[in-house]
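Below is one structure; the comments refer to it alone.
Protein chains: 2
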Amino acid sequence: MNYCSQCGAPVTLMIPAGDSLPRHVCSQCHTIHYQNPKMVVGAIPEWQDQILLCRRAIEPRYGYWTLPAGFMENLESTEQAAARETLEEACARVEVGPLFSMVSVPHISQVHIFYRARLLDLDFAPGEESLEVRLFREDEIPWEELSFRSVILSLRAYFADRRAGQFTVHGGEVPPPPV
Amino acid sequence: MNYCSQCGAPVTLMIPAGDSLPRHVCSQCHTIHYQNPKMVVGAIPEWQDQILLCRRAIEPRYGYWTLPAGFMENLESTEQAAARETLEEACARVEVGPLFSMVSVPHISQVHIFYRARLLDLDFAPGEESLEVRLFREDEIPWEELSFRSVILSLRAYFADRRAGQFTVHGGEVPPPPV
Numbered sequence: 001m002n003y004c005s006q007c008g009a010p011v012t013l014m015i016p017a018g019d020s021l022p023r024h025v026c027s028q029c030h031t032i033h034y035q036n037p038k039m040v041v042g043a044i045p046e047w048q049d050q051i052l053l054c055r056r057a058i059e060p061r062y063g064y065w066t067l068p069a070g071f072m073e074n075l076e077s078t079e080q081a082a083a084r085e086t087l088e089e090a091c092a093r094v095e096v097g098p099l100f101s102m103v104s105v106p107h108i109s110q111v112h113i114f115y116r117a118r119l120l121d122l123d124f125a126p127g128e129e130s131l132e133v134r135l136f137r138e139d140e141i142p143w144e145e146l147s148f149r150s151v152i153l154s155l156r157a158y159f160a161d162r163r164a165g166q167f168t169v170h171g172g173e174v175p176p177p178p179v
Numbered sequence: 001m002n003y004c005s006q007c008g009a010p011v012t013l014m015i016p017a018g019d020s021l022p023r024h025v026c027s028q029c030h031t032i033h034y035q036n037p038k039m040v041v042g043a044i045p046e047w048q049d050q051i052l053l054c055r056r057a058i059e060p061r062y063g064y065w066t067l068p069a070g071f072m073e074n075l076e077s078t079e080q081a082a083a084r085e086t087l088e089e090a091c092a093r094v095e096v097g098p099l100f101s102m103v104s105v106p107h108i109s110q111v112h113i114f115y116r117a118r119l120l121d122l123d124f125a126p127g128e129e130s131l132e133v134r135l136f137r138e139d140e141i142p143w144e145e146l147s148f149r150s151v152i153l154s155l156r157a158y159f160a161d162r163r164a165g166q167f168t169v170h171g172g173e174v175p176p177p178p179v
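Top line first, the protein sequences correspond to chains W and F.
Following this note's numbering, the numbering of the first sequence begins with 1 at its first residue and continues without gaps.
Following this note's numbering, the numbering of the second sequence begins with 1 at its first residue and continues without gaps.
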């Protein structure tokens, strides 16, 4: 951030009075510009013993499989975000169920949130950001071709819970990748 | 948002190619400025059969009681945010436990997240944003003087779960206030 989005004057990085972290503060109108983590919200769409994955048509991780998920938008709930992203990426309609996982990814200031969701019909298809969309049984999951550690963590926990006969809510944290 | 925070040129509100929502787009460097919901993260600090509340020294809801909570910062996890906010607002050290509630507040583009937390000692005190900090048994909770519907929703669920002998994770949504 170089300029104030309110008035267009240059900003400076400083710790405001009563604060403890540096913020971008406008040199002219003195607006403090806070920057905060973003939520990525998605679904684990279920159909009988299968779940729906999307193969990414965009970077990062072009060509890898993932759960339908994306940045939460203003003025929606987390459940609405999960349903919207599933519709956008897999053209699939779901009934959003209970929260399944919430994984912090602090080094990129994101929190990834997944809901279990019931697929309402089989009329799914790749959305604009997907190359391919299909259902997988547990023994078909392409573990080596999955994108994003929060997705891998969530899917491992999902199948472990399903085998144990009880779903719980899972936390977690994805550390920075090894250098 | 009136000006591009990258280059200082005016922004215009438009739907970018391949997008479905209006965004602020720079007229000069074409940066798309996304705006996303913010997370407010807090704790339900427990000491035996009591929980810790803070009386607010700031607006909104000056003088009302609340759980320690605040905006999550970049580069931290949700658990770290809950512990940091409890330290800042109540000068209290906690061991953060399981997720307890996640409540969407879509009309202000926020998601409020509360963790159960174990108070580690009784050396708490009002932080800069609190007038008073104290422990409450269930029958002492000042229900009529609580701030924020997500806090009220979470505390009602907390005591109901505790009476039932089992804590679960609670979702929810706070609608716009009546006009």
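Every residue gets a Cβ at the ideal spot worked out from N, C-alpha and C, and that includes glycine.
_Suppose only complete runs of 3+ residues qualify. What are the beta strand (DSSP E) ranges in the segment 118-177 of chain F, listed by chain order?_
130-136 and 170-173
_Taking 8 Å as the threshold (C-beta atoms), are LEU146(F) and THR66(F) in contact?_
Position 66 of the second sequence, counting from 1, holds the residue named residue 66(F). Position 146 of the second sequence, counting from 1, holds the residue named residue 146(F). Yes, the Cβ-Cβ distance between THR66(F) and LEU146(F) is below 8 Å.
_Would you call the segment 47-59 of chain W in contact with the segment 22-36 of chain W, where contact means no fewer than 3 C-beta pairs closer than 8 Å?_
no
*Is there a Cβ from chain W that is less than 8 Å from the Cβ of GLN6(F)?*
Along the second sequence, read from residue 1 onward, the residue named residue 6(F) stands at position 6. So, interface residue.
*Ends of the beta strand (DSSP E) at GLN50(W)?*
Working through the first sequence from its first residue, we reach residue 50(W) at position 50. Segment 50-56, the beta strand (DSSP E) holding GLN50(W).
*Span of the beta strand (DSSP E) holding GLU95(W)?*
In the first sequence, residue 95(W) corresponds to position 95, counting from 1. Note, GLU95(W): beta strand (DSSP E), 94-105.
*By Cβ distance below 8 Å, which residues in the same chain neighbour ARG163(F) in space, the five residues on each side in sequence not counted?*
Along the second sequence, read from residue 1 onward, the residue named residue 163(F) stands at position 163. Hits under 8 Å: none found.
*Give a yes or no on whether 8 Å exceeds the smallest Cβ distance from GLN166(W) to chain F.*
For the purposes of this step, residue 166(W) is taken as the residue at position 166 of the first sequence. GLN166(W) does not count as touching chain F.
*For ALA81(W), which three-state DSSP category applies?*
Working through the first sequence from its first residue, we reach residue 81(W) at position 81. Correct three-state label for ALA81(W): helix.
*What separation, rounded to the nearest whole angstrom, lies between the Cα atoms of TYR62(W) and SER130(W)?*
The sequence position of residue 62(W) within the first sequence is 62, counting from 1. The sequence position of residue 130(W) within the first sequence is 130, counting from 1. Roughly 9 Å between the two C-alpha positions.
*Under a Cβ-count criterion, where at least 16 other Cβ atoms within 10 Å of its own Cβ denotes burial, should ARG137(W) be classed as buried or exposed?*
Start at 1 with the first residue of the first sequence, and residue 137(W) comes out as number 137. Under this definition ARG137(W) is an exposed residue.
*Does the distance from the CB of GLU46(W) to the CB of ARG118(W) come in under 8 Å?*
Position 46 of the first sequence, counting from 1, holds the residue named residue 46(W). Position 118 of the first sequence, counting from 1, holds the residue named residue 118(W). Against a cut-off of 8 Å, the Cβ pair of ARG118(W) and GLU46(W) comes out as a contact.
_For ALA92(F), tell me which candidate among SER154(F), PRO68(F) and LYS38(F) has the shortest Cα-Cα distance._
Here residue 92(F) is taken as the residue at index 92 of the second sequence, counted from 1. When only C-alpha atoms are compared, the closest one is PRO68(F).
*Can you pull the chain F residues whose beta carbon is under 7 Å from the beta carbon of GLN35(W), in chain order?*
For the purposes of this step, residue 35(W) is taken as residue 35 along the first sequence, with counting starting at 1. The contacting residues are ASN74.
_At the level of alpha carbons, what is the spacing between ALA17(W) and PRO126(W)?_
By one-based count along the first sequence, residue 17(W) stands at place 17. By one-based count along the first sequence, residue 126(W) stands at place 126. About 50 Å.
_Cβ neighbours of ARG149(F) in the same chain (closer than 7 Å, five flanking residues each side left out)_ = Here the question's residue 149(F) lines up with position 149 in the second sequence. These residues qualify, in order along the chain: VAL174.
*So is PHE148(F) in contact with chain A if we call contact Cβ pairs under 8 Å?*
No chain A appears in this structure, whose protein chains are W and F.
*What residues in the segment 151-178 of chain W bring their beta carbon closer than 7 Å to a beta carbon of chain F?*
VAL169, GLY171 and GLU173
*Near-chain W residues of the segment 9-36 of chain F (beta-carbon distance less than 9 Å), N- to C-terminal order*: ALA9, PRO10, VAL11, GLY18, SER20, LEU21, HIS24, HIS33, TYR34, GLN35 and ASN36
*Beta bridge counterpart(s) of HIS30(W) as assigned by DSSP*: As a first step, residue 30(W) is located in the first sequence; it is residue number 30 there, counting from the start. DSSP, once it has assigned bridges, lists no residue as partnering HIS30(W).
*asked:* The beta strand (DSSP E) that contains PRO45(F), what's its start and end?
replied: Within the second sequence, numbered from 1, the residue matching residue 45(F) stands at position 45. Per DSSP, PRO45(F) belongs to the beta strand (DSSP E) from 38-47.
*Alpha carbon to alpha carbon, how far is SER5(F) from ASN2(W)? Give it in angstroms, no decimals.*
Locating residue 2(W) in the first sequence gives position 2, counting from the first residue. Locating residue 5(F) in the second sequence gives position 5, counting from the first residue. Those two C-alpha atoms are separated by around 6 Å.
*Tell me where the beta strand (DSSP E) around LEU13(F) begins and ends.*
Along the second sequence, one-based indexing puts residue 13(F) at 13. Unbroken beta strand (DSSP E) run through LEU13(F): 11-14.
*According to a CB-to-CB cut-off of less than 8 Å, which residues of the segment 89-111 of chain F neighbour chain W?*
PRO98, LEU99, MET102, SER104, PRO106, HIS107, SER109 and VAL111
*Reducing DSSP to helix, strand and coil, say where ALA17(F) ends up.*
Here residue 17(F) corresponds to residue number 17 of the second sequence, with the count starting at 1. DSSP places ALA17(F) in coil when its eight states are reduced to three.
*Where does GLU144(W) land, buried or exposed, given buried means 16+ other C-beta within 10 angstroms?*
Numbered from 1 along the first sequence, position 144 holds the residue referred to as residue 144(W). GLU144(W) is exposed by the Cβ-count criterion.
*According to a CB-to-CB cut-off of less than 9 Å, which residues of the segment 117-138 of chain W neighbour chain F?*
GLU128 and GLU129
*asked:* Spatial neighbours of THR168(W) within its chain, please: C-beta separation below 8 Å, excluding the five flanking residues on both sides.
replied: One-based indexing of the first sequence puts residue 168(W) at position 168. Closer than 8 Å at the Cβ level, and outside the excluded window around THR168(W), lie ASP161.
*Within the same chain, show all residues whose beta-carbon is closer than 6 Å to that of GLY70(W), passing over the 5 residues directly before and after it, in chain order.*
Residue numbering aside, residue 70(W) sits at position 70 when the first sequence is read from its first letter. Excluding residues within five positions, the ones whose Cβ falls inside 6 Å are GLU85.
*Between the C-alpha atoms of ARG116(W) and HIS30(W), what's the straight-line distance to the nearest angstrom?*
For the purposes of this step, residue 116(W) is taken as residue 116 along the first sequence, with counting starting at 1. For the purposes of this step, residue 30(W) is taken as residue 30 along the first sequence, with counting starting at 1. One C-alpha to the other measures close to 44 Å.
*Using the beta-carbon of each residue, which ones in chain F are nearer than 8 Å to PHE71(W)?*
Taking the first residue of the first sequence as position 1, residue 71(W) is located at position 71. Correct list: TYR34 and ASN36.
_Using 8 Å for Cβ pairs, my map puts MET102(F) next to ASN36(W). What's the rounded Cβ distance?_
Walking along the second sequence from the start, residue 102(F) turns up at place 102. Walking along the first sequence from the start, residue 36(W) turns up at place 36. Contact flag wrong, Cβ pair sits at about 16 Å.
*Are any of the Cβ atoms in chain W nearer than 8 Å to that of TYR62(F)?*
Looking up residue 62(F) in the second sequence gives position 62. Not an interface residue.
_Distance check for SER27(F) and THR12(F), CA to CA, integer angstroms please._
Here the question's residue 12(F) lines up with position 12 in the second sequence. Here the question's residue 27(F) lines up with position 27 in the second sequence. Those two C-alpha atoms are separated by around 7 Å.
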